[in-house]
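S.K.: Structure provided below as structure tokens; questions to follow.
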Amino acid sequence: MPLVQTRRLTRQISIGNVKIGSKAPISVQSMTNTKTQDVDGTVCQILALEKAGCEIIRVAVPDIQAAQAIEKIKPQIKIPIIADIHFDYRLALASAKAGADALRINPGNIGDPEKIKAVVDCAKDHKIPIRIGVNAGSLEKQIEQRLGTTAEGMVESALRNIRILEDLNFQDIKVSLKASDVSRTVKAYRLLSSKTNVPFHVGVTEAGGLFAGITKSAIGIGMLLAEGLGDTIRVSLTRDPVEEIRTGFEILRALGIRSRGPELISCPTCGRCNIDLFKIAGQVEKALLERSSKIKVAIMGCVVNGPGEAKEADIGIAGGDGKGILFKKGKVIRKIDQDQLVDQLLSEIDNMTKKSEELNGQKE
Ligand code: SF4
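Its first residue numbered 93, the sequence shown is counted upward by one per residue in our numbering.
The structure is reproduced here in structure tokens:
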């Protein structure tokens, strides 16, 4: 049985220039945690996220100042921007006018059919999609009373919201079903998957601090992706959102779905290790974030076992007693003074990248 099952066939939507659904690559997105009306702070965070590979960004729109800020943010960034609105339909209209590439608003929360229609007409005019974001913690009262905050309740809420939009002849939708635990999240997406072909935005919400958050997200998002469910993902962490993007790509890489930048493997160290491998691995990990080539790099604790254990790595270093080694595909290339290991590894990686780019250029 393959690790990842065939992807569920969904309709395709576009958020700015990023396609979501059908055969489009599974995109990785995040949300800013700045005040959106702080244009400089928000742009600065989005630019850092773009550098980390973020493909779509969402900003909170709690008031009109935030909606209007989108107009100033947009020309300074490259990736599409989604306006996140909870109830106030006027903020959706203002965000669309300010240039938002998509809206996140649940039509069922707006209430008045006239106001819902105004938002849908506005989305049609601007040719922007709407994301329905169902959250187990904020289900409609009638649904919660009947079904509780269950996966079934989340699915019913999603279907109700999808129906409201489709009855207004609006198909440009994606949906998320988020709970703070893996089991309800996974169950809800599974249940909904056979009832609609709307693309899925997948994530586990309020997942927690770094360790709990990464673990829950990796399991929840990973299980769903492995079942072929999910068209765009967002990891939620109580951290710098750049960490969300890194985690998102690592989840996709671990499943063999998509990769970005070099892959780092490193040994856990043991009694044979005579260097500060934690420090070296940290330095290399940081430096690799700035590089885009898809090279596999190994950082190993000892020269005796390191090169062999990391045979499948394109390049690696292993520490010894004062001297370390640089190896490629398990073969020792040269001995290096320990304090030079990181610098020489990085310059070797840059040389290899340059050579392979030249080779690719010749082929083209
Ligand atoms: Fe231990 Fe060496 Fe293996 Fe690292 S590479 S775990 S130091 S034997």
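Positions of the beta carbon are idealized from the N, C-alpha and C atoms, including for glycine.
(1) Between which two residues does the beta strand (DSSP E) harbouring lysine 420 extend?
(2) Who are glutamate 355's beta bridge partners in DSSP?
(3) Count the other CB atoms within 10 Å of the CB of aspartate 193; is the residue buried (16 or more) or exposed (fewer)?
(4) From methionine 246 to glycine 133, what distance separates their C-alpha atoms?
(5) DSSP three-state label for lysine 266, please.
(6) With distance defined between alpha-carbon atoms, name the residue in Lys371, Leu418 and Lys216 nearest to alanine 402.
(7) Glycine 305: which of Pro291, Ala175 and Asp273 sits nearest, CA to CA?
(8) Taking DSSP as the reference, what is the three-state secondary structure of arginine 383?
(9) If I measure Cβ to Cβ from valine 153 and keep anything under 7 Å in the same chain, skipping five residues before and after, which residues do I get?
(10) Given isoleucine 337, which residues of its chain have a CB within under 7 Å of its CB, disregarding the five upstream and five downstream residues?
(11) Give every residue of the same chain whose Cβ lies closer than 6 Å to the Cβ of arginine 352, excluding the five residues on either side of it in the sequence, and list them in chain order.
(12) Between glutamine 430 and the rest of its own chain, which residues show a CB-CB distance below 8 Å, the 5 nearest in sequence each way excluded?
(13) The ligand SF4 heavy atoms versus the CB of asparagine 125: any closer than 7 Å?
(14) Taking the runs of the beta strand (DSSP E) that are 3 residues or longer, which of them lie wholly in the segment 291 to 334?
(15) When you compare only the Cα positions, how much space is there between alanine 210 and leucine 185?
(16) Closer than 7 Å to a non-hydrogen atom of the ligand SF4 - does that hold for the CB of glutamate 401?
(17) Cβ atoms of isoleucine 149 and isoleucine 112: under 8 Å apart, would you say?
(18) Counting by C-beta, which residues lie closer than 7 Å to a heavy atom of the ligand SF4, in chain order?
(19) Residue range of the alpha helix (DSSP H) that glutamine 160 falls in?
(20) On a Cα-Cα basis, can you pick out the residue from Leu139, Arg331, Thr445 and Gly314 that is closest to phenylalanine 303?
(21) Per DSSP, glutamine 121 forms a beta bridge with which residues?
(22) Just checking, does the segment 232 to 248 make contact with the segment 214 to 223 on the three C-beta pairs under 8 Å criterion?
(23) Check whether the Cβ atoms of isoleucine 118 and glycine 314 lie closer than 8 Å to each other.
(24) Can you give the Cα-Cα distance for isoleucine 169 and isoleucine 387, rounded to whole angstroms?
(25) Beta strand (DSSP E) containing serine 106: first to last residue?
(26) Return the CA-CA distance between alanine 379 and valine 151, expressed in angstroms with no decimal places.
(27) Less than 8 Å between the beta carbons of valine 290 and isoleucine 265, yes or no?
(28) Please classify lysine 427 as buried or exposed, where buried requires at least 16 other C-beta atoms within 10 Å of its C-beta.
(29) Mind checking which residues open and close the alpha helix (DSSP H) that includes aspartate 429?
(30) Run through DSSP, which three-state label would leucine 195 get?
(31) Tell me the rounded alpha-carbon separation between glutamine 436 and glycine 348.
(32) According to the neighbour-count rule (16 or more other Cβ atoms, all chains shown, within 10 Å of its Cβ), is glycine 398 buried or exposed?
(33) Buried or exposed: which applies to valine 96, given that a residue is buried once 16 or more other Cβ atoms fall within 10 Å of its Cβ?
(34) Contact check, glycine 200 vs isoleucine 256 under 8 Å by CB: the rounded distance?
M.R.: According to the data block:
(1) Indexing the sequence shown from 1 puts residue 420 at position 328. Per DSSP, lysine 420 belongs to the beta strand (DSSP E) from 415 to 420.
(2) Residue numbering aside, residue 355 sits at position 263 when the sequence shown is read from its first letter. Paired residues: Lys388.
(3) The sequence position of residue 193 within the sequence shown is 101, counting from 1. Classification for aspartate 193: buried.
(4) In the sequence shown, the residue the question calls residue 246 occupies position 154. In the sequence shown, the residue the question calls residue 133 occupies position 41. Whole-angstrom Cα-Cα distance: 34 Å.
(5) Residue numbering aside, residue 266 sits at position 174 when the sequence shown is read from its first letter. Three-state DSSP puts lysine 266 in a strand.
(6) Counting from one through the sequence shown, the residue named residue 402 turns up at place 310. Checking every option, the nearest Cα to that of alanine 402 belongs to Leu418.
(7) Within the sequence shown, the letter at position 213 stands for residue 305. Answer by Cα proximity: Asp273.
(8) Here the question's residue 383 lines up with position 291 in the sequence shown. Arginine 383 falls in the coil class under three-state DSSP.
(9) Taking the first residue of the sequence shown as position 1, residue 153 is located at position 61. Correct list, in chain order: Thr128, Ala159, Ala175, Asp176, Ile177, Leu183 and Ser187.
(10) Indexing the sequence shown from 1 puts residue 337 at position 245. The answer, listed in chain order, is Val120, Ser122, Leu141, Ala144, Gly145 and Cys146.
(11) As a position in the sequence shown, residue 352 is number 260, starting the count at 1. Closer than 6 Å at the Cβ level, and outside the excluded window around arginine 352, lie Gly145 and Phe341.
(12) Counting from 1 along the sequence shown, the entry for residue 430 is found at position 338. So the qualifying residues of the chain are Ile367, Gly411, Gly412, Gly414, Lys415 and Gly416.
(13) By one-based count along the sequence shown, residue 125 stands at place 33. No, the Cβ of asparagine 125 stays beyond 7 Å of every heavy atom of the ligand SF4.
(14) 324 to 326
(15) On the sequence shown, position 118 is the one that residue 210 refers to. On the sequence shown, position 93 is the one that residue 185 refers to. Alanine 210 and leucine 185: Cα-Cα distance of roughly 8 Å.
(16) Counted from its first residue, the sequence shown places residue 401 at position 309. Glutamate 401 Cβ: within cutoff of the ligand SF4.
(17) What you label residue 112 is simply residue 20 of the sequence shown in a count that begins at 1. What you label residue 149 is simply residue 57 of the sequence shown in a count that begins at 1. It is not a contact, given that the beta carbons lie outside the stated cut-off.
(18) Cys359, Pro360, Thr361, Cys362, Arg364, Cys365, Met392, Gly393, Cys394, Val396, Asn397, Gly398, Glu401 and Ala410
(19) Taking the sequence shown and counting its residues from 1, the one referred to as residue 160 is at position 68. Unbroken alpha helix (DSSP H) run through glutamine 160: 156 to 165.
(20) Taking the first residue of the sequence shown as position 1, residue 303 is located at position 211. Minimum Cα distance to phenylalanine 303 is reached at Arg331.
(21) By one-based count along the sequence shown, residue 121 stands at place 29. DSSP lists Ile148 and Arg326 as partners of glutamine 121.
(22) no
(23) Counting from 1 along the sequence shown, the entry for residue 118 is found at position 26. Counting from 1 along the sequence shown, the entry for residue 314 is found at position 222. Not closer than 8 Å, so no.
(24) For this step, residue 169 is matched to residue 77 along the sequence shown. For this step, residue 387 is matched to residue 295 along the sequence shown. Roughly 28 Å between the two C-alpha positions.
(25) Here residue 106 refers to the residue found at position 14 when the sequence shown is read from its first residue. Start and end: 105 to 107.
(26) Locating residue 379 in the sequence shown gives position 287, counting from the first residue. Locating residue 151 in the sequence shown gives position 59, counting from the first residue. Computed Cα separation, rounded: 29 Å.
(27) By one-based count along the sequence shown, residue 290 stands at place 198. By one-based count along the sequence shown, residue 265 stands at place 173. Yes, the Cβ-Cβ distance between valine 290 and isoleucine 265 is below 8 Å.
(28) Looking up residue 427 in the sequence shown gives position 335. So lysine 427 ends up on the exposed side.
(29) Counted from its first residue, the sequence shown places residue 429 at position 337. Not the alpha helix (DSSP H): aspartate 429 falls in the beta strand (DSSP E), residues 423 to 429.
(30) Working through the sequence shown from its first residue, we reach residue 195 at position 103. DSSP places leucine 195 in strand when its eight states are reduced to three.
(31) Within the sequence shown, residue 436 is the residue found at index 344, counting from 1. Within the sequence shown, residue 348 is the residue found at index 256, counting from 1. Taking the straight line from one Cα to the other gives about 29 Å.
(32) For this step, residue 398 is matched to residue 306 along the sequence shown. With 16 or more Cβ atoms within 10 Å of its Cβ, glycine 398 is classed as buried.
(33) Counted from its first residue, the sequence shown places residue 96 at position 4. Exposed.
(34) Walking along the sequence shown from the start, residue 200 turns up at place 108. Walking along the sequence shown from the start, residue 256 turns up at place 164. Correct: roughly 6 Å between the Cβ atoms.
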